[in-house]
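Straight run, no breaks: the first sequence in this note's numbering ends on number 724.
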Amino acid sequence: MPELPEVETIKNGLVPFLEGAKIKNVSLSSYRLRFEYPEGFKQYLIGASFNKLKRRAKYIIGELDNDNSVIIHLGMSGRITLMGNGHSLTFDDYVYQTGAKTVHDHVTIDLETTKGEEFKLIYNDPRRFGLWDLVKTDEIEKSKHFAHLGPEPLEDDFDGKALLERIGKKAAPIKLALLNQEIIVGLGNIYVCEALYMSHIHPERPANSLSQKEADLLVKNIKEVLNVAIGAGGSTLNDFRHADGNLGGFQERFLAYDREGADCPDKKCGGKIERIVQGGRSTFFCPKCQK
DNA sequence: CTGTACTCCTGGGGGC
DNA sequence: TGCCCCCAGGAGTACA
């Protein structure tokens, strides 16, 4: 799925269109997503306007003017497209696009901006691992989606000390600990691999074996890789693009992720990137410089 | 407590 | 061309 940087970029891209916009109509496909839509989903939405858009972990939160908030998680393959005025803009670029078919359009929202311009928001999700929910705005933090979530990695007060506190005595491999949203939110398979590579930390190291110094470096690199990715995506999403939805410039060049067999980017290292499986998911790392 | 296996799904790509 | 198998950026649950 979209990890924190992608969700942040999408949220930021939606802000100028959605904040203040009024929901004129909502239509749903006949498929359910990860969960059923909540009772009265459409009724709460239609006629409401969006106040603020926020991000928490990998969720987009759309605060409405009726004390409810829309909670959106993109799962593995969720994409959001805005269409209006003969143009469309798709906020994805990180997920395969060729398979996009309207048969997987599950949520369509007709909107009207404060200036009276009409447009549609379309949520497309082939694998349907995403979710849309409705939560009382003042109960978001204790809702089932958010109650167990760990700290935001980009918060100023999140540092190596805070990470070690969250890890506690956990002997699980550091790779899996970082994917655990109860310990730290927003990281997924890609950025965990990248941050561990940058920090020269072996993904199979027990989480509780990290020194304070290693944790400091790891957190510094987590922030770095997330901020670079947000910076790369953020600048491309300012306006509607033409109908092919091509944003460009959002391609990541990964150091370790998906580079099995490639030379370690550090020429002085001379190692080769390897792929192993942890928790049923691929881990890419350099066994020579990650200790 | 741990770790693992499996679940929800579709689609792309490689091998044959 | 097709078929089969593996893989995919998430995350919850069940079970030993």
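Even glycine gets a Cβ: it sits at the ideal position worked out from N, Cα and C. All values reported here derive from a predicted model rather than from experimental measurement.
In the DSSP assignment, find the beta strand (DSSP E) that holds residue i and state where it starts and stops.
| i | result |
| --- | --- |
| K608 | Per DSSP, K608 belongs to no beta strand (DSSP E); it is in the alpha helix (DSSP H), I607 to L612. |
| Y556 | E551 to N557 |
| K594 | First-last for K594: G593 to I600, but that is the alpha helix (DSSP H), not the beta strand (DSSP E). |
| K475 | Looking at the DSSP string, K475 is not in any beta strand (DSSP E); the run it does join, the alpha helix (DSSP H), is F474 to L478. |
| G517 | R512 to G517 |
| R714 | R714 to F718 |
Helix or strand or just coil, what does DSSP make of residue i?
| i | result |
| --- | --- |
| G681 | Because G681 sits at a pLDDT of 37, beneath the cut-off of 50, its placement in the model cannot be relied upon, and the following sentence gives the value as read from the coordinates. Three-state result, G681: coil. |
| P639 | strand |
| Y624 | helix |
| N671 | Residue placement at N671 is poorly supported in this model, since its pLDDT is 35, which falls under 50; the coordinates still yield a value, given next. Coil at N671, not helix or strand. |
| L461 | strand |
| E707 | strand |
| A662 | helix |
| K569 | strand |
| L522 | strand |
| D589 | coil |
| D696 | strand |
| V652 | helix |
Excluding the five sequence neighbours on either side, which residues of its own chain have a C-beta within less than 6 Å of the C-beta of residue i, listed in chain order?
| i | result |
| --- | --- |
| S576 | V568 |
In the DSSP assignment, the alpha helix (DSSP H) including residue i goes from what residue to what residue?
| i | result |
| --- | --- |
| G446 | L437 to L451 |
| R686 | That residue, R686, is in no alpha helix (DSSP H); it is neither H nor E in DSSP. |
Based on the DSSP output, what are the partners of residue i in its beta bridges?
| i | result |
| --- | --- |
| H537 | DSSP lists no partner for H537. |
| L564 | H506 |
| I542 | V459 and L554 |
| G495 | L486 and V503 |
Say the cut is 8 Å; is the CB of residue i nearer than that to a heavy atom of the ligand NAP?
| i | result |
| --- | --- |
| F468 | The ligand NAP is not part of this structure, which contains no ligands at all. |
In chain order, what residues of the same chain lie with their CB nearer than 7 Å to the CB of residue i, ignoring the 5 residues before and after it?
| i | result |
| --- | --- |
| D498 | A481, S482 and N484 |
| A610 | I600, K603, I616 and A640 |
| G583 | R599, Q614, E615, I616, I617 and V618 |
Using a Cβ-Cβ cutoff of less than 8 Å, which residues in the same chain neighbour residue i once the five nearest sequence positions on both sides are dropped?
| i | result |
| --- | --- |
| T570 | E496, L497, D500, N501 and S502 |
| L412 | With the chain covering only 434 through 724, there is no way to say anything about residue 412. |
| C626 | K608, P636, F687, A689, Y690, T716, F717 and F718 |
Let's test the definition: count the other Cβ atoms within 10 Å of the Cβ of residue i and tell me whether it reaches 16, buried, or not, exposed.
| i | result |
| --- | --- |
| K608 | buried |
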